[in-house]
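Quick note, my numbering runs 26 ahead of the 1-based positions in the sequence shown. Even for Gly, the Cβ is constructed at its ideal location relative to N, Cα and C. In what follows, a structure is listed as structure tokens, so that the remarks can point back to it.
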Amino acid sequence: MTSTTNPAPAHTAKDGKGILITEPAMQQLAKLCREQGDQQVLRVGVRSGGCSGMSYTMDFVPASDTLEDDETYDYVAANGQGFRVICDPKSLLYIYGMQLDFSTALIGGGFNFTNPNASQTCGCGSSFAV
27 MTSTTNPAPA
37 HTAKDGKGIL
47 ITEPAMQQLA
57 KLCREQGDQQ
67 VLRVGVRSGG
77 CSGMSYTMDF
87 VPASDTLEDD
97 ETYDYVAANG
107 QGFRVICDPK
117 SLLYIYGMQL
127 DFSTALIGGG
137 FNFTNPNASQ
147 TCGCGSSFAV
């Protein structure tokens, strides 16, 4: 997971809110969601750790693990495949407006985060400070 400076144009959730997700990331997430099965959702968040103080988390969890205070965002990729992203309110304070991109590059490939709330990021891009 790395930071990128020129991500592709991004999509918001159906309601126009949430995390911005580029088309390459949308397609990759839709593929991963399809492989995980219909009863899984993508939980994104932050946790303490990393060289800059906080690191990003992304995990598939059962839809039944959605908590009452979680924010829920529904996305639809260009191919029509939909998926749900959930985030706890505390993490959302740090990542609201973040852009998620995906790269197939040999070096620096994978999911990339561009966070407008981060005052500092580490060299690998997987952690940040606010």
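Which residue's Cα is closest to the Cα of residue i: the options?
i    : options                   : result
G108 : K57, T48 and P50          : K57
G71  : S145, N138, P115 and G134 : P115
R69  : Q62, V87 and L132         : V87
E160 : A103, L126, G75 and V67   : Lying outside 27 to 156, the shown extent of the chain, residue 160 is not represented and no answer is given.
M52  : A131, D127 and G75        : D127
T48  : Y101, D95 and L93         : Y101
Output the distance between the C-alpha atoms of residue i and residue j, rounded to the nearest integer angstrom.
i    : j    : result
T140 : S90  : 29 Å
C77  : R60  : 33 Å
M80  : S129 : 22 Å
L46  : D64  : 22 Å
L118 : M84  : 13 Å
G123 : A144 : 11 Å
Y82  : R73  : 7 Å
T113 : G136 : Checking the displayed sequence, the identity of residue 113 turns out to be Cys instead of Thr. Distance between the alpha carbons of C113 and G136 is about 20 Å.
D156 : P142 : Sequence check: residue 156 is Val here, not Asp. If I take the Cα positions, the gap works out to 10 Å.
G105 : G134 : Checking the sequence, you will find Asn at residue 105 rather than Gly. Looking at the two C-alpha atoms, the distance is approximately 26 Å.
G44  : L55  : 15 Å
G75  : N138 : 18 Å
T147 : Q62  : 30 Å
I121 : V111 : 13 Å
P50  : Q125 : 12 Å
Classify residue i as helix, strand or coil using the three-state DSSP reduction.
i    : result
S129 : strand
With DSSP as the reference, please indicate the residues paired to residue i in a beta bridge.
i    : result
G136 : S129
In chain order, which beta strand (DSSP E) runs of at least 3 residues are fully inside the segment 29 to 113? 46 to 48, 66 to 74, 80 to 88, 97 to 102 and 108 to 113
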